[in-house]
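S.K.: Would you mind keeping the following structure in view while I ask a few things?
Number of protein chains: 2
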Amino acid sequence: MKKSNTRIANKLKTPAVAVDALIFSVIKGKLKVLLIKIIGGPYKNKWALPGGLVGLKESLEDAASRVLSEKAGVNEIYLEQLATFGELNRDVRERSVSVAYFALVSSESFFPKTTEYYADIAWHDVGRLPEMAFDHKKIIEYGRERLINKLAYSNVAYALLPKKFVLTELQNIYEAVLGKKLDKRNFRKKVQEIKLVKETGETRQIGASRPAKLYVFSERRPRIIDIL
Amino acid sequence: MKKSNTRIANKLKTPAVAVDALIFSVIKGKLKVLLIKIIGGPYKNKWALPGGLVGLKESLEDAASRVLSEKAGVNEIYLEQLATFGELNRDVRERSVSVAYFALVSSESFFPKTTEYYADIAWHDVGRLPEMAFDHKKIIEYGRERLINKLAYSNVAYALLPKKFVLTELQNIYEAVLGKKLDKRNFRKKVQEIKLVKETGETRQIGASRPAKLYVFSERRPRIIDIL
DNA sequence: CCAAAAGTGTTTCCAATACACCCATGC
DNA sequence: GCATGGGTGTATTGGAAACACTTTTGG
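From first to last, the protein sequence lines are chains A and B. For what it's worth, our numbering labels the leading residue of the first sequence as 1, then goes sequentially. For what it's worth, our numbering labels the leading residue of the second sequence as 229, then goes sequentially.
Take a look at the structure:
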């Protein structure tokens, strides 16, 4: 709220507004986050979340989508706001607040490419983060907790998988995020019981073993339902 | 994130940053929110959440505490960030983003007073909101959902009650927020079982009925635990 | 016939729910 | 003695968790 008009006339200075994108994926059974390596300035060679300032003519969510697309080459993914970080010393260069967004992608859906803006871009294991710029380590930790919670009471796992998948892959997503093994029978019973997924009729075979049934999510949009 | 230094040199303009305070309390069995009535400008005589711009030398949380104290006379209460709202048209006067904070107070702990800055200040029933400025109706609805969830998996109810209280009052808090009746025996069994509260040994009597035991919360700081 | 991953049911246990009467007090 | 709110226990049910073997395929 900014209530009296004098406030506006005064043009009281407020912090700069940025968005940061926390892009999660599960790759080879590990929870990963996409990071870029900063080229210059006081944070040179430090890793950071892809981000950018918010323009006057774009909403926060639009800014987050833009950053995702421009800086990481990611489109059409699950995106939601995580939280806003605004400690005084979070950026040594200028006072800023950052609205962190939380994104989920299927590892099959894209491969990061380095751009001219960054020294590097890569998936990092959330359990073993490199030295990071700003307060980004804190943001990632916060996001991870959110992800753990969301898996338990929503169907967002769909965003971490390709359209068609086998139940073992779905279970691997859960195990990677939660960091613990789940019982195969109970897991399968549950996801079918609550109609989280449905059979496609197709199967897929990898190597010399019994072909697995391919499933799709019953609904590929956020939905609240108890899973764990 | 704002990565390359040229960004900073350019001083790219970003939206103004404000904080809004969503102050909830349960009064006479109803969930209420504290609103102020705007004195002038395009939103004259509309109701809104207490709020204000964020200074360059204060963190977001400090700004929220300041607003709470200056604009609503509230101190020492439960405060957490809710979400940040940044649609293009949320404020007709200038482009702004608002970081909404979520506060809980005991209705005994303070009584709102009108200040020179506002035409009025009052508790409003969350179920019957007046016409409101900005996107504040949306913020309140969002906050209410957060509150419902938090009551279910945390002990934040302590912030809605005075230090000592009787179990019926605690149950009333839950019923007012959830909007449904709970079973008295099951409710009491549960809150004692999980050690949410403990007896003080004192009692309190109102009118001509059996005196009720006074309880306190085992812990008056946020704690995660399953209640419902 | 062996290796590799897929698939499948039953039992046990605990927590959530439903439910109705007696108690202490003031007037 | 009656009106008012305070306080208490048990039986039932449903979901969570534990648990091991058979199936299908390729080589």
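Glycine included, C-beta positions come from ideal geometry on N, C-alpha and C. Quantities reported herein were computed from a predicted structural model and do not represent experimental measurements.
Assuming the contact rule is C-beta atoms closer than 8 Å, LEU79 of chain A and ALA103 of chain A should be a hit. Round their C-beta distance to whole Å, please.
M.R.: Right, their Cβ atoms sit about 5 Å apart.
S.K.: Run through DSSP, which three-state label would LYS32 of chain A get?
M.R.: In this structure, LYS32 of chain A counts as strand in the three-state DSSP scheme.
S.K.: What residue range is occupied by the uninterrupted beta strand (DSSP E) comprising LYS213 of chain A?
M.R.: Here the beta strand (DSSP E) through LYS213 of chain A covers 212-217.
S.K.: Quick one: what does DSSP say VAL67 of chain A is sitting in, helix, strand or coil?
M.R.: Note: VAL67 of chain A maps to helix in three-state DSSP.
S.K.: Are the C-beta of PRO340 of chain B and some C-beta of chain A separated by less than 8 Å?
M.R.: So no, PRO340 of chain B is outside the interface.
S.K.: How far does the alpha helix (DSSP H) with LEU237 of chain A in it extend, from its first residue to its last?
M.R.: What the structure shows of chain A is the stretch from 1 to 228, and residue 237 of chain A is not part of that stretch, so it cannot be assessed.
S.K.: What does DSSP give as the partner residue(s) for TYR306 of chain B in the beta ladder?
M.R.: Note: TYR306 of chain B sits in a beta bridge opposite B:LEU332.
S.K.: Would you say ARG323 of chain B and LEU56 of chain A are within 8 Å of each other, going by their C-beta atoms?
M.R.: Yes, Cβ-Cβ distance for ARG323 of chain B and LEU56 of chain A is below 8 Å.
S.K.: Which whole-angstrom value describes the C-beta separation of SER59 of chain A and LEU316 of chain B, a residue pair presumed to lie in contact below a C-beta threshold of 8 Å?
M.R.: Rounded, the Cβ-Cβ distance is 5 Å, consistent with contact.
S.K.: In chain order, which continuous runs of the beta strand (DSSP E) of length 3 or greater are located wholly inside the segment 358-391 of chain B?
M.R.: The qualifying runs do not exist here; there are none.
S.K.: Tell me, to the nearest whole angstrom, how far the beta carbon of ILE422 of chain B is from that of ILE453 of chain B; I am working on the premise that it is less than 8 Å.
M.R.: Going by Cβ atoms, the distance from ILE422 of chain B to ILE453 of chain B rounds to 6 Å, so yes, they are a contact pair.
S.K.: Taking CB distances under 8 Å as the criterion, tell me whether GLU315 of chain B reaches chain A.
M.R.: It does; some Cβ of chain A falls within 8 Å.
S.K.: Using a Cβ cut-off of 7 Å, pull out every chain A residue sitting near THR312 of chain B, in sequence order please.
M.R.: Here the neighbours are LEU60, GLN81, THR84, VAL99.
S.K.: On the premise that THR84 of chain A lies in contact with VAL97 of chain A, defined as a C-beta separation below 8 Å, what is that separation, rounded to the nearest angstrom?
M.R.: Contact holds; Cβ gap of about 6 Å.
S.K.: Just to confirm, are GLY269 of chain B and ALA249 of chain B a CB contact at a threshold of 8 Å?
M.R.: No, the pair does not count as a contact, with Cβ atoms beyond the cut-off.
S.K.: With distance defined between alpha-carbon atoms, name the residue in B:PHE362, B:ASP353, B:LEU389, B:LYS299 nearest to ALA347 of chain B.
M.R.: Among B:PHE362, B:ASP353, B:LEU389, B:LYS299, the Cα nearest to that of ALA347 of chain B is on B:LYS299.
S.K.: Beta-carbon of PRO243 of chain B versus every beta-carbon of chain A: anything under 8 Å?
M.R.: Output row for PRO243 of chain B: interface = yes.
S.K.: On the DSSP letters alone, give me the boundaries of the beta strand (DSSP E) that GLU427 of chain B sits inside.
M.R.: Taken as a continuous stretch (DSSP letters only), the beta strand (DSSP E) holding GLU427 of chain B covers 425-432.
S.K.: List the residues of chain A whose Cβ lies closer than 8 Å to the Cβ of VAL282 of chain B, in chain order.
M.R.: Here the neighbours are THR14, PRO15, GLY86, VAL97.
S.K.: For PHE217 of chain A, which residues in the same chain have their Cβ closer than 6 Å to its Cβ, ignoring the five residues on either side in sequence?
M.R.: Taken in chain order, the residues that qualify are TYR158, VAL197.
S.K.: Have a look at PRO439 of chain B and GLU430 of chain B and give me their C-alpha separation to the nearest angstrom.
M.R.: The alpha-carbon atoms of PRO439 of chain B and GLU430 of chain B are separated by roughly 10 Å.
S.K.: Restricting to Cα atoms, I'd like to know which of A:GLU61, A:THR200, A:LEU49, A:LEU182 is closest to LYS163 of chain A.
M.R.: Per the Cα distances, A:THR200.
S.K.: Give me whichever residues DSSP pairs with GLY52 of chain A in a beta bridge.
M.R.: In DSSP, GLY52 of chain A forms a bridge with A:VAL19.
S.K.: In whole angstroms, what separates the C-alpha of SER335 of chain B from that of VAL247 of chain B?
M.R.: For SER335 of chain B and VAL247 of chain B, the distance between alpha carbons rounds to 23 Å.
S.K.: Apart from the five residues just before and just after VAL327 of chain B, which ones in its own chain have a Cβ nearer than 6 Å to its Cβ?
M.R.: Excluding sequence neighbours, VAL327 of chain B sits near VAL247, LEU288, THR312.
S.K.: Note down the Cα distance separating GLN399 of chain B from GLY371 of chain B, rounded to an integer number of angstroms.
M.R.: For GLN399 of chain B and GLY371 of chain B, the distance between alpha carbons rounds to 20 Å.
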